[in-house]
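S.K.: The structure's right below; bear with me while I get my questions together.
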Amino acid sequence: MRLTLRLFAVTALACAVLAPAAHAQRQQNSMLVELGIDASFARQSFHSEPNRNGQEITTNVNTIDIPLGVIRAGFFLTPNIALEPAFGLHYQHVGDVSTSSTVFDIGLPIYLTGTRRENQIFIRPVVGLDYISSDVSDTEGNGSSDTQVNVGVGLGIKMPLSDRFAARFEAQYRHAPKSGARSAYDQIAALAGISVYVR
Numbered sequence: 111m112r113l114t115l116r117l118f119a120v121t122a123l124a125c126a127v128l129a130p131a132a133h134a135q136r137q138q139n140s141m142l143v144e145l146g147i148d149a150s151f152a153r154q155s156f157h158s159e160p161n162r163n164g165q166e167i168t169t170n171v172n173t174i175d176i177p178l179g180v181i182r183a184g185f186f187l188t189p190n191i192a193l194e195p196a197f198g199l200h201y202q203h204v205g206d207v208s209t210s211s212t213v214f215d216i217g218l219p220i221y222l223t224g225t226r227r228e229n230q231i232f233i234r235p236v237v238g239l240d241y242i243s244s245d246v247s248d249t250e251g252n253g254s255s256d257t258q259v260n261v262g263v264g265l266g267i268k269m270p271l272s273d274r275f276a277a278r279f280e281a282q283y284r285h286a287p288k289s290g291a292r293s294a295y296d297q298i299a300a301l302a303g304i305s306v307y308v309r
């Protein structure tokens with residue numbers, strides 16, 4: 111009888127100690143996913159090829175995408191590092207020229223402070239791919255398309271709004287080398303977005 115009671119007491123104690131640890135391990139192993147949308151204000155500086163005198167012409171273009179610039183999905187590899195693909199579609203029509211671009215980014219947000227239940231400062235290296243297609247409405251066969259790669263880095267803060275929602279703000283710089291008919295450019299941007307956490 112005493113042996114049975116001792117065995118029961120040891121088993122109960124082991125369950126009381128191991129159950130929370132096992133639950134925490136299951137929670138840690140389940141991948142956290144952060145879905146979000148970002149609005150943006152960006153200034154692109156396009157650089158022409160140097161002319162005969164070595165002069166380079168820079169053309170500045172400002173763009174505002176509100177309420178949606180890109181949609182993104184962040185897959186947390188560790189509690190502080192996520193792999194974050196993002197996708198966006200843009201269209202503009204000026205005069206006889208219409209231009210559409212498809213944006214695909216791969217970011218790697220690295221959170222330097224805190225947990226998702228408090229303010230987090232992050233740095234986000236990013237590699238982007240832009241597919242741009244242009245058409246002139248009053249001519250036939252005068253369309254063009256090109257794919258341009260860009261690289262950049264962002265510095266931002268993510269602030270919790272509730273257990274599942276957060277606001278995210280980021281300042282970003284990108285550079286794209288010349289590609290085909292597309293000029294090289296430098297871009298600075300400000301992003302503001304909303305995130306929701308799912309599993």
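Just so you know, we're using this note's numbering here: the sequence shown kicks off at 111 and counts up by one. Even glycine gets a Cβ: it sits at the ideal position worked out from N, Cα and C. Keep in mind it's a predicted model, so treat the numbers as computed, not measured.
#1: How many angstroms separate the CA atom of PHE214 from the CA atom of LEU193?
#2: From the DSSP output, read off the bridge partner residues of ILE242.
#3: Have a look at GLY311 and VAL236 and give me their C-alpha separation to the nearest angstrom.
#4: What residues in its chain sit with their C-beta under 8 Å from that of ASN139, if we drop five residues either side in the sequence?
#5: Measuring alpha carbon to alpha carbon, tell me which residue in GLU280, ILE298, PHE279 and PHE275 is nearest ALA376.
#6: Ends of the beta strand (DSSP E) at ARG284?
#7: Can you check DSSP and say which residues form a bridge with PRO195?
#8: Could you check whether VAL306 and LEU145 sit closer than 8 Å to each other, using their CB atoms as the reference points?
#9: Mapping the DSSP letters down to three states, classify HIS133 as helix, strand or coil.
#10: Considering only residues of the same chain and omitting the five flanking positions on each side of VAL308, which have a CB-CB separation below 7 Å?
M.R.: This is what the structure holds:
#1: Roughly 13 Å between the two C-alpha positions.
#2: DSSP lists SER211 and ASP256 as partners of ILE242.
#3: Outside the shown range of the chain, which is 111 to 309, sits residue 311, and nothing can be said about it.
#4: Residue placement at ASN139 is poorly supported in this model, since its pLDDT is 37, which falls under 50; the coordinates are not used for a value here.
#5: With the chain covering only 111 through 309, there is no way to say anything about residue 376.
#6: First-last of the beta strand (DSSP E) with ARG284: 275-286.
#7: For PRO195, which the question treats as bridged, DSSP gives the partners ILE216.
#8: Yes. Within cutoff.
#9: Residue placement at HIS133 cannot be trusted, given a pLDDT of 41 that sits under 50; what the coordinates show is reported in the next sentence. Three-state DSSP puts HIS133 in a helix.
#10: Here the set comprises VAL143 and LEU145.
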